[in-house]
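Here is the structure we will look at.
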Amino acid sequence: MSTAEIVHAPSPGGFADRVRSAVAWRWGSQILAQIITWAATILVVRLLDPADYGHYAMAQAVLAAFTFLNGYSFATSLIQAQQVDERRIGQVFGMLIVANVTLAALQFLAAPLAAAYYQQPLVAQMLRIQALIFLTTPFIALPSALLARSLHFRNQALVNLACAVAGGGTALTLAETGYGVWALVWAPVVLFATRALGLTIAVGGLVRPIFDFRGCREIITFGGALTLSQLFWVVQSQSDIFIAGRSFDPHDLGLYSEALFVALIFSGRFIPPLNDVAFPAFAELVKQGKPIGGAFLSGVQTVMLIALPAYVGLSLTAGPLVTTVFGPKWTEMVPILAGLALAMPAMVLQIICSPATNALGKPGIYLFTNVSGAVIMPLCFLLGVGFGPHGLVMSWQVAAPLLLAITLGATLPKIGVRLTELGAALLPPVVGSAAMAAVLNILTTRIEFLPAPAQLALLIACGSTVYGLVLIVLWPKLVRRVWNMVVRRRAAPAEPTSA
């Protein structure tokens, strides 16, 4: 299929079937890719030291500070636009090339300054190699947007699986052969290069880049607002590492950053793929003149049915999980992970709000919430950093609910959803998770004599059973709807279920 055919021809089937297929491919492939990645990660983390992850976290914070300017938002404008032609695609491609070549050069030159800030010379070498990632970005951002516009996610899914194998294989090979932190540096470079090649093939090749940007006002206006939003998102999401990098030694920073990595697996790895589907799906509803409030509530309920019990369970099983998966040298991470997990449901709910308002053509709301986060999160981290990693945990527990409240206040009125309706949609996962937590708290004190792997397996089995039984007894219609969505060809009507 050529680029033009992908842009103008939606995937076959009705809208509901296309959305369900997109979710199945995008999220299903993400789950499988994460299984592959985590298999490699578990082996790698046992070979490396916390200090390696501390150095890597320092470099990642700087990389993220440049990444917000990579032009992804200009490619995103193609999804929301009513009409797209080859000239517009070529102009976006040209913008992506200019932006990312410039960023690669800037990061290469700024690397010694970052190393001086952290007082870690190794960071400069790491950043210079990671500058290669920017050179792959144009060949990822543009194909991703073109495929998403028509809800074509099958080929993207296959590419993601190939990337997981390439990145995980690189990390494991380098770690096993004694390259230490360089396993963490080169793995994403290989992963991004694989994704760029695979998506370029999937989209049928790319149009010629156009560097004449006249007539791009709509692209720049929409993309610029999202780019500015991304700047503030980077500030709120990386400020903890940036602040702690000068205060913590690499060992403590490695413990905190790896605990945060585990805590963010769901919100950082599984929610963005769902947002990738939600944004074009909401945008198509808007183009048809249909309200999106019902679809938003259904999506929120489905996501939180998984996210809330997952994070409550993560907090309660942090001890045996870390001992089993990471090994004894990571045991100091247990209380950090347990505390961070409790803040993450609020972050999940906050993150899934943006596709709805962006689809309405109101990126200013996304900008407002990110500005709020860029103020709230750093202030909390500045107050907490003096108390070590546990102080940052408390900062998350205060900042995440506060940011969620601001986001909901700005989002719900625009999409026509009342707070009581959102509460009704969230009631099943809240009640089920509370029952699960009560049982696990009692069980934990009675199985301490068991080996950590046995404790973990028993807690997971018992917790998931209690949670499932509560939903089946109190909300059988909801369970049937989710079951239909997963196993049947056509999903049942997606309406949130309340008590």
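First residue of the sequence shown: -9, per my numbering; consecutive thereafter.
All residues carry an ideal CB built from backbone N, CA and C; glycine is no exception.
- In this structure residue 380 is exposed. Its beta-carbon is surrounded by fewer than 16 other beta-carbon atoms within 10 angstroms.
- In the three-state DSSP reduction, residue 42 falls in the helix class (H, G or I).
- Ranked by Cα distance from residue 23, the first of 147, 33, 111, 44 is 147.
- Nearest C-alpha to residue 138 among 179, 200, 164, 274: 274.
- By the Cβ neighbour-count rule, residue 109 is exposed, with fewer than 16 other Cβ atoms within 10 Å of its own.
- Residue environment: residue 340 is assigned as buried (16 or more neighbouring CB atoms within 10 Å of its CB, all protein chains considered).
- The beta carbon of residue 44 is closer than 7 Å to those of 240, 241, 243, 244, 247 in its chain, skipping five residues each way along the sequence.
- Contact check between the region 246 to 265 and the region 296 to 306: three or more CB pairs, one atom from each, fall below 8 Å, which counts as touching.
- Per DSSP, reduced to three states, the secondary structure at residue 26 is helical.
- Sixteen is the threshold: when 16 or more other Cβ atoms of the shown chains lie within 10 Å of the Cβ of residue 472, as they do, the residue is buried.
- Contact between residue 94 and residue 121 holds: CB atoms are separated by about 4 Å, below the 8 Å threshold.
- Taking a C-beta distance under 8 Å as the contact criterion, residue 308 and residue 285 do not qualify as a contact pair.
- Residue 463 sits exposed, since fewer than 16 C-beta atoms from the chains shown fall within 10 Å of its C-beta.
- Annotated as distal: residue 100 and residue 113, with beta-carbon spacing of 8 Å or more.
- The criterion of a C-beta distance shorter than 8 Å is satisfied by residue 269 and residue 345.
- In the three-state scheme derived from DSSP, where H, G and I count as helix and E and B as strand, residue 246 is classed as helix.
- In the three-state reduction of the DSSP assignment, residue 153 falls in the helix class, which pools H, G and I.
- Residue environment: residue 42 is assigned as buried (16 or more neighbouring CB atoms within 10 Å of its CB, all protein chains considered).
- In the three-state reduction of the DSSP assignment, residue 220 falls in the helix class.
- When the beta-carbon positions are compared, residue 297 and residue 336 stay at least 8 Å from each other.
- Our two residues, residue 396 and residue 64, have alpha carbons roughly 27 Å apart in a direct line.
- Remark: three or more beta-carbon pairs, one from each stretch, lie closer than 8 Å, so the region 79 to 87 and the region 125 to 132 are flagged as touching.
- When Cβ pairs closer than 8 Å are counted between the two stretches, the region 446 to 458 is seen not to touch the region 406 to 417, the count staying below three.
- In this structure the region 157 to 164 lies against the region 23 to 37, because at least three pairs of beta carbons, one per stretch, are closer than 8 Å.
- Cβ-Cβ distances below 7 Å link residue 145 to 137, 192 in the same chain, with the five nearest sequence neighbours on each side left out; the list follows chain order.
- If you draw a 10 Å sphere on the C-beta of residue 385, you find 16 or more other C-beta atoms in it, and that means buried.
- In the three-state reduction of the DSSP assignment, residue 204 falls in the coil class.
- Between residue 125 and residue 90 the beta-carbon gap is near 6 Å, inside 8 Å, which marks them as a contact.
- The beta carbons of residue 366 and residue 293 sit no closer together than 8 Å.
- Note on geometry: alpha-carbon atoms of residue 458 and residue 355 lie some 36 Å from one another.
- Annotated as proximal: residue 349 and residue 276, with beta-carbon spacing under 8 Å.
- Sequence-distant partners of residue 52 (beyond 5 residues in either direction) whose C-beta falls short of 7 Å from its own C-beta, in its chain, are 104, 117.
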